[in-house]
Structure formats: C-alpha cells, structure tokens
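Protein chains in written order, with the working numbering: chain A, 1 to 126; chain B, 1001 to 1681. Structure first, commentary second.
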Amino acid sequence: MTIRRILIVDDEDDIREVAQVSLEMVAGWEVSTANCGSAGLKMASADPPDAILMDVMMPDMDGPATFQKLQADPAIRHIPVILLTAKLQPADRRRFAELGVAGVLAKPFDPLQLASQVTEVLHWAR
Amino acid sequence: MITILAAGVSAELVSFLEHRLSGASVKLVRTGHEALEALAQSGWQLLVVDQYLTDPPAVDVLAAMRELPASELLPVIYCLDEHASSELQTKLVKELGVEQLCYHPLDREELARYASIWLKLSLRAQPEERNQEQEAILAAVAGLWPRFEGATLERIELVEQAISALLEGELSDELRRKAEWESHKLAGSVGSFGFKEASRIAAEIERSFRAKASIGQGQALALSELAATLRRELESRPAGRLKDGLAPSNDSGPVLLIVDSDQKFAQLLADEAGARDVRAEVANDASRARQSLGRCSPDVVILDLSLPQESGNGLRLLEELGARHPPVSSLILAASDSLIDRVEVARRGSKYFLQKPLPPSEIIDAVMQLLKGRSARESKILAVDDDPLVLAALRALLEPRGMRVITLDEPLRFWEVLEHTMPNLILLDVDMPHLSGIELCRVVRNDPRWFGIPTLFLTAHRDAETIERVFAAGADDFVCKPIVGLELLTRITNKLEHARLYRTFVETDPLTGVANRRKSTTMLNQLIRLASRLHQPLSFVMLDLDHFKQVNDQYGHAVGDQVLRRLGAFMSKAFRSEDVVARWGGEEFTIGLFGMASQDAVRRMTRVLEAFRQETFTTSAGAEFHVTFSAGVAQYPEDGIELQSLYRAADKALYQAKKGGRNRVHVTEYRSQQLLEKQYA
C-alpha cells in the first residue's frame, strides 16, 4: 500500500518531532501529530490518514485503549495502526499483536530506519 | 557477479540489499511457483525467502528446492514472524537447512550482514559514509535536541528525587510510579537522539522501579550511580555526536555464541538459551565464529573442541577469546575426557570443561552460572588499617587489577562504612587504636548479613598466639606484613572465587538461584539465635505454588521449570539481604524475615503475591497463563522457639490457606487469635 499521510500519536513532544522530521525527510510523507489518544481519534475522524503510529504508554488513554476506540468507529477502523513501545518482552508483543494492530515497533527508534520499518510492517499487514 | 534470489520480500528490501552488498545482484520473485522455476536454474548463491510467500508457500518451496540438483545446497535466509512456533523454526533449521532466521520487523542491516558473511562480500557504505541525505536528517534531528534537553533533564531530576527518597527509606508509592514512568519515557526517547547508552541505563532504572518489591539499600546505591551516569551522558554531549553509532536497540540482554560443527545440536543449545532470555548466535566453524566475534561481543562462548581442522582449531580460537578485551568467558565441550585436553584448555583460561554427550539444559545451566558471575558487580574490598601507607600500598596493588578498594583508617567507623559500601571481601589489620581487627572480625561474624564474607588479616605478627586468635575470631586467612604483592593478590582472588563457587554449588538451588534447603536451615538457625539474643521477632513463611502439578501436566516440565525460575528471581528481588529465601523442595519455598512480626510479614507476602499474580507466563505454543501461591506465616517465639516447630506451625497455616481457596496468605491460628484479642482489648 502506498502511504502518503501518516498520523503520529504520542504524549511526548520530542518523540513527535523526531518522528515527524524523520518521516517527512526520509519518506516524504505528510505527517500530522496529536499529543493524546482523544485528540488522535478526533483528527483521524476529521481527516483519515493512511496509517497511524501510536505510542503505548500515554496518560489518560493509552495506546491499546485508543486503538479499541478506533476499532469501534466504522469510519476509521480500517486505518492500520502501528504501536510504538519501549516495553518489548515477547509477552507484551503478543498481547499487542492480539489486539489486532498492524504491528509493533520498538522505542527508541532510529530516525533513519523508522520510515522503512513502518513500510515493512504495513507491507505484511494485509 | 553474485546472484541472490529473493522470494516474497519487499521490493524495498531488494533495493537495499543491492545497494549495501557490493558485487551482488538480487532478483525478486513474487510467488512460490516463480521461485521454483528460478531455482531450477543453477547460478544462485543465496536465497532470501519470506514466510508470507504463497503459491506454493515458502516451506513447500524449500522442501522442493532440496530435491533440485541445482539448488539443493543453496544457503537460505528465512524471514518470519517472531511468534512462529518453535516446531516450525526447528523444522526450518534442522530439516530444511535454513542457515539464518530473521524476524519481522526486519532489521535490514542485520540481514545484509548475514548475506555478506555467507557470500563473502563486503558491505558498501559503512556507517561513517552516510550519504548526504542521511546526514541532513541526522543534522535536523540533532538540531531538535536543544529544545528538548531541558525537559529531559527534568525527567532525570525526578528520578534522582525518587532515588534520594529511597536512600532515606521514604519512597512513597506515588513517587515510585512517577520515577518508573519518567525513566520509561527516557528509555524510549533519548535513543532517537543518539544516546544509546543513556537509553539502556534508563531502561535498567525503569526495571528496578517497576519491580513492585522493595528495593534494598545496595540496589538503591547502585541506582544512584546509574542515575549519575545517565545525567553525565545526557549533559556532556555536543550536538555533533549524533553521527556516530545511531543504532539504538532494546536488546540489552546477554549474548551467547555457540561454536559447534554439529548444526543440529548447536540449534538445540540456541533454543534452550532463547527459552531463558539469552540471545544466541551459532557458528559452525572457527572462521564463522571469528566473523561473529567481529560483529558482536558475546558474553559467553560455548566452544566444541572438535572443530574441523582447516578453519583453525578450537584451541587457537580459545586463545583468541582470552586475549580479547574484555576477555570472553568460555565453556568447552569435548568428546572425550582427556587430561591433556583439560590442561590445555585450563591453561588458555576457559571456565568450564564439559564432556559430551550432555543434555542442552545442563550446558545452558553452566552458561547461566557464567553469566551470573560476569554480571556480578566488580569486586569491592574494604581495607581497614590505621597506617595510611599500608592503605596506599593496597590501593596501588589491587586497583590496577580492576578491584575497587575502599580504605578506612578509623576502625570506629567500620560498621557504617561496611553497611554503606557492601564489599565482597574485608582486609583487616590486627593492631589498631580503639578497636582491634580481631574485634571487628567477631562483629562481622555475628551479623546474619555478613557472617559469610571472606575476611583476611594483614599482620606483622607471626607468633602462634596471634595467629590462633585471628582464626578463632573467624578469619579466613592471614597474610604477613610487609605485603608481598603477588601473594596477597592470589589469596584475595582465590578467596573471592571460592566464596562465589561455594555459594553457587553448595548452597544454591541450581534451578532458581535461591538458597537450597541445607543452607537455609543453617541460616535460619543462625537467625533464630540472633533473634533470641537481640530480642527481635522473626517471621517464618512457607510458600507453595498453587495447582503446580497442573502446570507441569498441561504445559510440560520445561514450562514448569520456567515458572519456578521466575518465582525464584522474583523472590530474590522482593526481600532484603538479611532475609533468607530458600527453595525447600519441589514447589515449596521458605522465607525467614528477621526483625519482622507476623502482621508485617503477612502484609509483605500479600504484596508479593499480588505482584507475582500479574506475571504472565507464555508457552512456546503461545498460550498465556498466570500462577498464584499460598503461604503460611509463623512467628518466633510465639509459634515455636526452634526451626522444627516454626516449620510445623507455618505448614499448618499454609494448609489453612490452601483449604481457604488458595491464592492467599494465612497467619497461624495462635497469632490470629492473639491479634483478635488485641483488637478487642
């Protein structure tokens, strides 16, 4: 699938900015950002992106909870979601995978590799 | 021109490989059918195939390929999902001859590296030669750092606050949660700016705060050192450093290199290591082993002596391992038990000599021992002598050998310094003002935390009487002054090594790492004596896993062992150094809690139970389950004044807990009666 527009949802400013710079410069994608799950859902509804990159550990509503809300909305449930997490034990990975997300990527990410990792994940999440 | 066939992978990966591997061209096919057509022609040097290939699927393609004369020996790199069953993985490696498994999401660099090794190709565009575009991106990211530096340092400050509170014994749950959160965030973000080491340290700090059990003093001190290093890393860096080594990784676990020409056995070892969270790499001959060593620094190497001769024999490789910096711990597997071999191997510094055949689990047990020894903090020696010249000489002698020496010239401060620094060995002078070394030694032997610590005396006295007094006070050894450097050094290293081995083999339960029954009985008796002398309470807990037989029956003993191991690790971290945690047998554990009354012990055990309940265990088939335990608590002296009676009382309480529905902690009837009476008094 071709990605042109991607939404990044993360409560941390620095992660959003580095990811944005990285994806814009490496892949040329149009990147929008949200600083929390609820803002992310609003933005996705208003202007659906091709994919969503979402942090797991966020205050108020975490990544998995946001994902479930997204699944409940027929207008945006088709958007593939990739979770970003620093917790990478096999058990955690399995738990996330079972939610039905497109994939899980590790933090901290390498700004040079993020775009290709996202592409790789989405390539296999048919 | 080297030709690689790629089946079912992304076009992007193909262009990456062509770019990175100088002298290689890659042909991409999209279906299994096309792959087989291509493979019927000779001329391929490597096959990279993805699990998701269809029409026919990848596994079928590989099976068919092995029947084709053109490709039957073709090396294969297989890309698959991490959750793939171990049956599949074993089949791929053992039956279908897959050389290397790569997991999604693919690390293209690593895949390219493997390909370069099999094909003996060089990699183009080494990290230093990043292209212009990549440089621009890194510069842009580096440019962002100053805006976030402040907020990052604030996160560290909060973590430091939590650690200070911890050292003062006043860490609230809320502050602890905050510290866990902040360090988690640090671990996940600073790496993207190029701070690889800082990211790793933050993750370690997070793990400590996450552990849900109280953090002992020693660990708190270690945390404060980690935080200091973390701050240093993040404050000291100029913006330009983003350029070197931007490869943050979450993989900070131990690494094992297996060098064995028996591919099947090597894979079994690798699987067993993987089950214990140790990353394993396999090399089938010495030159591949060297390549592997060039790429990563393993913590331990398993080396089978009978490597094929033409690639250089095992002994030479062993020498090279010993010459590395830092030296790599090695474990030798030999087909025969020859004394000459043992000598040759020991001369080259290997740690263990094991004779095949041996089950993989035993070999990996030995690896785990080596890893434990390696990760143990460097040796710390506390030296007490009123003569500053002697202390200076000791420093000069021991520090270059990598031992940390804490010197003390005022014996009155001994206890405070001992508690604060937690050394592995003590050096004492006999004659000192205020307190003699002999008195200090007696004091050390009287304490449940320290009575086992190796203690050596340095003395100018050679007379029989002094020597007798020295040993009567509980010394392990003595060395005469003036100090002969080599002799002291040898005695110290021997003592440290013996102490460690003794603790490991004679006193420790091999599966879980906690004390075994014999050792704990000794220690518990000592604790009881101490409690009696100092008029302190002592709680004795009996703990038994719930429905453990079912775990073994349903998931197999290997999984049951994992549960026990995890429980052992959990318990070691959950209690203080003066508590005695032991595996009494099977799935039964005991804990002796010095200075704790039963109500506190019940509270403590309940918290541990709540935390342990949340641990998720996964089987290789992907099933997840949780485990609980039941516990009974007895108190000295109310429930008994000797170990036997305490044991019986705690056992009764444990029985009540089981009867009451399991997954709970019960105190003895006597105590609960007393507490009830107190309530109504």
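Every residue, glycine too, gets a C-beta built ideally from N, C-alpha and C. Computed from a prediction, not measured in an experiment: that's the story for all the values here.
C-beta contact flag for residue i and residue j at 8 Å
| i | j | result |
| --- | --- | --- |
| residue 1106 of chain B | residue 120 of chain A | yes |
| residue 1626 of chain B | residue 1607 of chain B | no |
| residue 1381 of chain B | residue 1347 of chain B | no |
| residue 1040 of chain B | residue 1068 of chain B | yes |
| residue 1162 of chain B | residue 1186 of chain B | no |
| residue 1563 of chain B | residue 1551 of chain B | yes |
| residue 1022 of chain B | residue 1121 of chain B | yes |
| residue 1076 of chain B | residue 1097 of chain B | yes |
| residue 1008 of chain B | residue 1058 of chain B | yes |
| residue 1167 of chain B | residue 1211 of chain B | no |
| residue 87 of chain A | residue 118 of chain A | no |
| residue 1138 of chain B | residue 21 of chain A | no |
| residue 1429 of chain B | residue 1454 of chain B | no |
| residue 1230 of chain B | residue 1156 of chain B | yes |
| residue 1101 of chain B | residue 1078 of chain B | yes |
Partners in chain A for residue i, counting only beta-carbon separations shorter than 7 Å
| i | result |
| --- | --- |
| residue 1012 of chain B | 116, 119 |
| residue 1134 of chain B | 112 |
| residue 1105 of chain B | 103, 105, 117, 120, 121 |
Buried/exposed call for residue i, threshold 16 Cβ in 10 Å
| i | result |
| --- | --- |
| residue 1033 of chain B | exposed |
| residue 961 of chain B | The question about residue 961 of chain B has no answer here: the residues shown for chain B are numbered 1001 through 1681. |
| residue 1433 of chain B | exposed |
| residue 1596 of chain B | buried |
| residue 1641 of chain B | exposed |
| residue 107 of chain A | buried |
| residue 1486 of chain B | exposed |
| residue 1400 of chain B | exposed |
| residue 1441 of chain B | buried |
| residue 1494 of chain B | exposed |
Whole-angstrom distance between residue j and residue i, CA atom to CA atom
| i | j | result |
| --- | --- | --- |
| residue 1330 of chain B | residue 1349 of chain B | 8 Å |
| residue 1319 of chain B | residue 1356 of chain B | 22 Å |
| residue 53 of chain A | residue 6 of chain A | 7 Å |
| residue 1158 of chain B | residue 1420 of chain B | 23 Å |
| residue 1555 of chain B | residue 1619 of chain B | 7 Å |
| residue 1624 of chain B | residue 1559 of chain B | 11 Å |
| residue 41 of chain A | residue 1363 of chain B | 52 Å |
| residue 16 of chain A | residue 1141 of chain B | 11 Å |
| residue 46 of chain A | residue 36 of chain A | 16 Å |
| residue 1018 of chain B | residue 1025 of chain B | 6 Å |
| residue 1280 of chain B | residue 1413 of chain B | 47 Å |
| residue 1209 of chain B | residue 1180 of chain B | 5 Å |
| residue 1147 of chain B | residue 1574 of chain B | 40 Å |
| residue 1134 of chain B | residue 1196 of chain B | 18 Å |
Neighbour flag for residue i against chain A, beta carbons, 8 Å
| i | result |
| --- | --- |
| residue 1108 of chain B | yes |
| residue 1148 of chain B | yes |
| residue 1184 of chain B | yes |
| residue 1483 of chain B | no |
| residue 1286 of chain B | no |
| residue 1297 of chain B | no |
| residue 1622 of chain B | yes |
| residue 1329 of chain B | no |
| residue 1203 of chain B | yes |
| residue 1243 of chain B | Interpretation of residue 1243 of chain B is limited by its pLDDT of 39, a score under 50 that renders its predicted location unreliable; the figure taken from the coordinates is listed afterwards. Not an interface residue. |
CB contact below 8 Å: residue i versus chain B
| i | result |
| --- | --- |
| residue 60 of chain A | no |
| residue 57 of chain A | yes |
| residue 123 of chain A | yes |
| residue 108 of chain A | yes |
| residue 2 of chain A | no |
Amino acids of chain A, ordered along the chain, whose beta-carbon sits closer than 8 Å to that of residue i
| i | result |
| --- | --- |
| residue 1141 of chain B | 18, 21, 22, 111 |
| residue 1199 of chain B | 108 |
Residue i: contacting residues in chain B (beta-carbon distance under 9 Å)
| i | result |
| --- | --- |
| residue 13 of chain A | 1147, 1148, 1151 |
| residue 26 of chain A | 1133, 1134, 1137 |
Chain-ordered neighbours of residue i on chain A, where CB pairs are closer than 9 Å
| i | result |
| --- | --- |
| residue 1144 of chain B | 14, 17, 18, 21 |
| residue 1187 of chain B | 86, 107, 108 |
| residue 1190 of chain B | 14, 108 |
The ligand ADP heavy atom lying under 7 Å from the CB of residue i
| i | result |
| --- | --- |
| residue 1562 of chain B | In the structure on display, the ligand ADP does not appear, and there are no ligands present to speak of. |
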